[in-house]
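Sequential numbering from 1 applies to the sequence shown in my numbering.
Ideal Cβ placement from N, Cα and C applies to all residues, glycine included.
All figures in this text were calculated on a predicted structure; none of them were measured in a lab.
Here's the structure we're looking at; comments come further down.
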Amino acid sequence: MSAPHLQNYVQKPEEPAPRRRGLVVAGKLGITLLTLGLLWHSVVADEATAAAWRGLLTRTLSGEGRGPVLLALLLMPLNWGLEAWKWWRLARHLEPVSFRRSFRAVLVGLTLGFVTPNRVGDYAGRIMELKSRRLDALGAVFLGRYCQLVATVVAGSVGLLYFLLRFYLVGYPAAQLG
1 MSAPHLQNYV QKPEEPAPRR RGLVVAGKLG ITLLTLGLLW HSVVADEATA AAWRGLLTRT
61 LSGEGRGPVL LALLLMPLNW GLEAWKWWRL ARHLEPVSFR RSFRAVLVGL TLGFVTPNRV
121 GDYAGRIMEL KSRRLDALGA VFLGRYCQLV ATVVAGSVGL LYFLLRFYLV GYPAAQLG
């Protein structure tokens, strides 16, 4: 009696063909050029828009708003690093992935999310950086987004409650109690 044949669903990473690798590089270059062209067209090509951007930047960086803007710019790499750490924690269950590859996946996702509606490219960018089990990675992406949504809703609710109790409902004690 022979052992029953079981279906093996483990996916093995496949080596991309040299031609396919060239197409991937060409695609990445094309997306990069498309993104830069879109930025150029949106900000610099129209003289009125360019003047408005220059005025906005001058007012922001020379006035009271300089500190918060510079702080936000300094915190962006930290935010990307935390996002990469979260993706690394999720993706390492699918395949061995380094933090560097996770960081790269986050940056690719940000770039693609910039040029796609509803940031769909963010998901695609992370999934494209994996070598195998890309369909399973879709679940990991949605799990990460759901956890972030829960944290955002909880923190926002606490902030809203603080705002209401501190500033809005001061003159309404019965409403505060409710």
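| query | Buried or exposed: which applies to Leu29, given that a residue is buried once 16 or more other Cβ atoms fall within 10 Å of its Cβ? | reply | Leu29 should be labelled exposed.
| query | Roughly how many angstroms separate the alpha carbons of Leu94 and Tyr146, rounded to a whole number? | reply | For Leu94 and Tyr146, the gap between their C-alpha atoms comes out near 18 Å.
| query | Within this structure, are the beta carbons of Thr35 and Val115 separated by less than 8 Å? | reply | Their beta carbons are under 8 Å apart, which means Thr35 touches Val115 by this criterion.
| message | With H, G and I counted as helix, E and B as strand and the rest as coil, what does DSSP make of Arg100? | response | Helix.
| For Leu6, which of helix, strand or coil comes out of DSSP? | Model confidence at Leu6 stands at a pLDDT of 49, short of 50, so the residue's coordinates are unreliable; what they give is reported in the following sentence. In the three-state reduction of the DSSP assignment, Leu6 falls in the coil class.
| request: Check whether the Cβ atoms of Glu129 and Ala151 sit closer than 8 Å, and answer yes or no. | output: The Cβ-Cβ distance between Glu129 and Ala151 does not fall below 8 Å.
| task | Could you tell me if Ala140 is buried or exposed, where buried requires 16 or more neighbouring beta carbons within 10 angstroms of its beta carbon? | result | Ala140 should be labelled buried.
| For Val170, the three-state DSSP class (helix, strand or coil) | For Val170, the three-state secondary structure derived from DSSP is coil.
| For Trp80 versus Phe99, is the C-beta spacing smaller than 8 Å? | Not in contact: Trp80 and Phe99 (Cβ atoms no closer than 8 Å).
| For Arg92 and Val59, the rounded distance between their alpha carbons | A quick correction: the sequence has Arg, not Val, at residue 59. Rounded to whole angstroms, Arg59 to Arg92 spans 45 Å at the Cα level.
| field | Contact check, Gly113 vs Gly125, beta carbons under 8 Å | value | Contact check for Gly113 against Gly125 passes: the beta carbons are separated by less than 8 Å.
| request: Could you spell out the range, first to last residue, of the alpha helix (DSSP H) harbouring Val25? | output: Note, Val25: alpha helix (DSSP H), 18-39.
| said: I'd like to know whether the C-beta of Arg134 is nearer than 8 Å to at least one C-beta of chain D. | reply: Structure shown: chain D not included; a single protein chain is present.
| In angstroms, rounded to a whole number, what distance separates the CA positions of Arg89 and Val97? | A straight-line Cα-Cα distance of about 9 Å links Arg89 and Val97.
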